[in-house]
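Numbering (full-length UniProt numbering), first residue to last: 1 to 156.
For each residue, glycine too, the CB sits at the ideal point set by N, CA and C.
(1) Taking 8 Å as the threshold, find out whether the stretch 123-138 comes into contact with the stretch 84-104 through three or more Cβ pairs.
(2) Unbroken beta strand (DSSP E) runs of length 3 or more, entirely within the UniProt domain "NEL" (1-156): which are they?
(3) Give me the Cα-Cα distance between residue 83 and residue 6, rounded to the nearest whole angstrom.
(4) Throw me the rounded Cβ distance for the residue 106 and residue 124 pair, which I believe falls under 8 Å.
(5) Leaving out five residues on either side along the sequence, give the residues of the same chain with a beta carbon under 6 Å from the beta carbon of residue 90.
(6) So residue 86 and residue 145 are in contact, right, with Cβ under 8 Å, and what is the actual spacing, rounded?
(7) Assuming residue 74 and residue 40 make a contact with CB atoms under 8 Å, what is their CB distance in whole Å?
(8) Counting beta carbon pairs with one atom in the stretch 113-123 and one in the stretch 42-54, are three or more of them shorter than 8 Å?
(9) Can you tell which of 45, 38, 18, 24 has its C-alpha closest to the C-alpha of residue 31?
(10) For residue 67, which residues from the same chain have a beta carbon less than 7 Å from its beta carbon, with the 5 sequence-adjacent residues on both sides left out?
In structure tokens:
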């Protein structure tokens, strides 16, 4: 779609959903779109969108599913000891990283007690601990979800 100046955004959205239903395995989409031509979506647009969605899913899905809250709830029910151990490690990783950042960056700069600097260090420490937690979840997710994480389609 070159421009949305004369096209309703909703028609464009519906056109993509409707025409990519089969190739992307979408559910709960109507069987036909009566006014597809009004959308201005071309076959080339559809092919590009399909390729973009498949490439993004192939490269980003595993990372996305690892941080998904409902999956964490399932993992906590299926393997509570392992998840609790990872949560405890996350807390200790946060504390250790914050202490290290404080010693190497805040103290030498004279920023101990500076609320903004401490908040920034806290956010960096939290991000680092969260990444380590998610990396620790990866084997458990692979074990439980297994084949569901395999690439669904080949890019050609």
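Reading off the structure:
(1) yes
(2) none
(3) Working through the chain shown from its first residue, we reach residue 83 at position 83. Working through the chain shown from its first residue, we reach residue 6 at position 6. So the alpha carbons of these two residues sit roughly 52 Å apart.
(4) Residue mapping note: residue 106 aligns to position 106 of the chain shown, counting from 1. Residue mapping note: residue 124 aligns to position 124 of the chain shown, counting from 1. No, residue 106 and residue 124 are not in contact; Cβ-Cβ is about 11 Å, not under 8 Å.
(5) Numbered from its first residue, the chain shown carries residue 90 at position 90. Only 129, 133 meet the Cβ criterion.
(6) Residue numbering aside, residue 86 sits at position 86 when the chain shown is read from its first letter. Residue numbering aside, residue 145 sits at position 145 when the chain shown is read from its first letter. The pair is not a contact, with the Cβ atoms about 16 Å apart (cut-off 8 Å).
(7) Here the question's residue 74 lines up with position 74 in the chain shown. Here the question's residue 40 lines up with position 40 in the chain shown. Actually they do not touch by this definition, with Cβ atoms about 42 Å apart.
(8) no
(9) As a working mapping, residue 31 is identified with position 31 in the chain shown. For residue 31, the nearest C-alpha among the options comes from 18.
(10) As a position in the chain shown, residue 67 is number 67, starting the count at 1. The residues are 134.
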